[in-house]
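Asks: Throughout the sequence shown, residue numbering follows my numbering, covering 312 to 583 in sequence. Think of the CB as a built atom: it goes at the ideal place given N, C-alpha and C, for glycine as much as any other residue. Source: prediction; values computed, not measured.
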Amino acid sequence: MWDVNLREHTYHYEQVVIGSGINAVLYAYKTNSIFIDNSMDTIFPLDEIGFSYDLGHKLIEPTDKSLDVFNYLAYQLVCNGLAPYSGLTESMRIIPEENRLNVITKNGYISKCTFDKLRLFDITNVSGVSFDEETRVERYRVLDWFNVRSGMKHDHNLISSDEDFCNKIYFYISKRIDGNKDKKDLVAESFMSEQQLNDFDYSDTIARIKTASLMKHAGIKGTGNGAGRNLPIKLELSEREVRAVKSSRYVDGGNIIFDNRKAKELVEQNAI
Numbered sequence: 312m313w314d315v316n317l318r319e320h321t322y323h324y325e326q327v328v329i330g331s332g333i334n335a336v337l338y339a340y341k342t343n344s345i346f347i348d349n350s351m352d353t354i355f356p357l358d359e360i361g362f363s364y365d366l367g368h369k370l371i372e373p374t375d376k377s378l379d380v381f382n383y384l385a386y387q388l389v390c391n392g393l394a395p396y397s398g399l400t401e402s403m404r405i406i407p408e409e410n411r412l413n414v415i416t417k418n419g420y421i422s423k424c425t426f427d428k429l430r431l432f433d434i435t436n437v438s439g440v441s442f443d444e445e446t447r448v449e450r451y452r453v454l455d456w457f458n459v460r461s462g463m464k465h466d467h468n469l470i471s472s473d474e475d476f477c478n479k480i481y482f483y484i485s486k487r488i489d490g491n492k493d494k495k496d497l498v499a500e501s502f503m504s505e506q507q508l509n510d511f512d513y514s515d516t517i518a519r520i521k522t523a524s525l526m527k528h529a530g531i532k533g534t535g536n537g538a539g540r541n542l543p544i545k546l547e548l549s550e551r552e553v554r555a556v557k558s559s560r561y562v563d564g565g566n567i568i569f570d571n572r573k574a575k576e577l578v579e580q581n582a583i
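(1) Go ahead and pull the three-state DSSP assignment for C477.
(2) Identify, in the order they occur along the chain, each residue of the same chain with its Cβ nearer than 8 Å to the Cβ of T522, setting aside the five sequence neighbours on each side.
(3) Which of helix, strand or coil does DSSP assign to V315?
(4) Is S472 helix, strand or coil by DSSP?
(5) What would DSSP say about F482, mapped onto helix, strand or coil?
(6) Starting from the Cα of G367, find the closest Cα among V414, K341, A385 and I347 and give me that residue.
(7) So, L399 versus K417, is the Cβ gap smaller than 8 Å?
(8) List the endpoints of the continuous beta strand (DSSP E) containing M403.
(9) Who are the Cβ neighbours of C390 in its own chain at under 7 Å, not counting the five residues just before and after it?
(10) Closest to G565 by C-alpha separation, out of V414, D427 and A529, would be which residue?
(11) Within the continuous beta strand (DSSP E) that includes D455, where are the two ends?
(12) Please state the DSSP three-state secondary structure of L577.
(13) Quick one: grab the DSSP three-state call for N413.
(14) Nearest-angstrom Cα distance between I329 and N509?
(15) Would the beta-carbon of K573 fall within 8 Å of that of N334?
(16) Do I544 and S441 have their C-beta atoms closer together than 8 Å?
(17) Are S350 and R404 closer than 8 Å when you measure CB to CB?
(18) Which runs of the alpha helix (DSSP H), 4 residues or longer, sit entirely within the region 497-545?
(19) Between the alpha carbons of Q387 and E576, how many angstroms are there, rounded?
(20) Let me check you understand the geometry: is the CB of K532 closer than 7 Å to at least one non-hydrogen atom of the ligand GTP?
(21) From Q506 to F482, what distance separates their C-alpha atoms?
(22) So what's V562 in DSSP terms, helix, strand or just coil?
(23) Would you kindly check if the distance between the Cβ of M503 and the Cβ of Y420 is under 8 Å?
(24) Residues in its own chain within less than 6 Å of Q326 by CB, not counting five upstream and five downstream?
(25) Once the 5 residues before and after H323 are set aside, which same chain residues still bring their CB inside 7 Å of it?
(26) Look up Y340 in the DSSP assignment and say whether it is helix, strand or coil.
(27) Leaving out five residues on either side along the sequence, give the residues of the same chain with a beta carbon under 6 Å from the beta carbon of S377.
(28) Return the CA-CA distance between L469 and L548, expressed in angstroms with no decimal places.
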């Protein structure tokens, strides 16, 4: 809980970094900046980082999970006192003419700070600046999470296809079963247009049918049902998750910068 006297205090930071992805947390970590996570649950837990990067004391490998890397870097920032609003942020308002940022916390308090430079990697839950026109939705990443009721035991971790619909099927050890070590649930990834989101041909029902077909084609069988026999693969939808895939261009507004470069771009451009 915020101390009543601290609520009236205005902090000053050299650079504040706002974002919710690897790009933002990595930039904040490497530049010793204040980091504010403005949107929770944006990193898909099965994504791999996709590039190598030497942090100095730790090497990031391409196969490292993005969420693990994010959590590691965020924890380091907390330990170094560079994430003062960790887990507390509800929204933010920028007052550009005063180089000021008001952080509204989840318990309703307003924390005020000024900055020399503000770098925005994501403007979700951020008001006060007009960068909206610089961002557009290219398509949607749709994640259909399925509980597998028949066909849980196999050696596959990933099935890929050449189509945007059910482009990849990620398998992971199911957390629905206590003590489970080998039975897997799955999530099917698709990329869709806005029109396709409302088209039955791209619905979770069709995704379920296609996913089961791809599993069968890959040699996955349903639960055993006697000698040499197996039940059909059976999938049950848990959740359909829709994420907008946005594209933006770099905008340098002096001491307020909108930077939507991916983490890999930052590394390749030696920007950190």
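Replies: Looking at the atomic coordinates:
(1) It is coil, neither helix nor strand.
(2) The residues are D455, F457, C477, I480, L497, A499 and L546.
(3) For V315, the predicted structure reports a pLDDT of 48, less than 50, and the residue's modelled location is therefore unreliable. The matter cannot be settled from this model.
(4) It is coil, neither helix nor strand.
(5) In this structure, F482 counts as strand in the three-state DSSP scheme.
(6) Of V414, K341, A385 and I347, the smallest CA-CA separation from G367 is found for K341.
(7) Contact flag set, yes.
(8) Counted as a single uninterrupted DSSP element, the beta strand (DSSP E) harbouring M403 occupies residues T400 to I406.
(9) The beta carbon of C390 lies closer than 7 Å to none in the same chain, with the five residues before and after it left out.
(10) Comparing alpha-carbon positions, the option among V414, D427 and A529 lying closest to G565 turns out to be D427.
(11) Element bounds for D455: T446 to S461.
(12) Correct three-state label for L577: helix.
(13) Assigned with DSSP and collapsed to three states, N413 falls in strand.
(14) If you draw a straight line from the Cα of I329 to the Cα of N509, it is about 33 Å long.
(15) Yes.
(16) Judged by their CB atoms, I544 and S441 are not nearer to each other than the 8 Å cut-off.
(17) No, Cβ-Cβ distance for S350 and R404 is not below 8 Å.
(18) Those alpha helix (DSSP H) runs which fall completely within the region 497-545 and span 4+ residues are 505-508 and 515-528.
(19) Each residue's Cα considered, the two are about 22 Å apart.
(20) Only the bare structure without any ligand can be found here, which leaves the ligand GTP out of the picture.
(21) Q506 and F482: Cα-Cα distance of roughly 28 Å.
(22) Reduced to three states, the DSSP call for V562 is strand.
(23) It is not a contact, given that the beta carbons lie outside the stated cut-off.
(24) Excluding positions up to five away in sequence, the list reads S344 and K428.
(25) Excluding its 5 nearest sequence neighbours in each direction, H323 has C-beta neighbours in its own chain below 7 Å: C424 and T425, listed in chain order.
(26) Of the three classes helix, strand and coil, the one that applies to Y340 here is helix, per DSSP.
(27) Hits under 6 Å: I333, I354, D358 and I360.
(28) Answer to the nearest angstrom: the Cα atoms are 18 Å apart.
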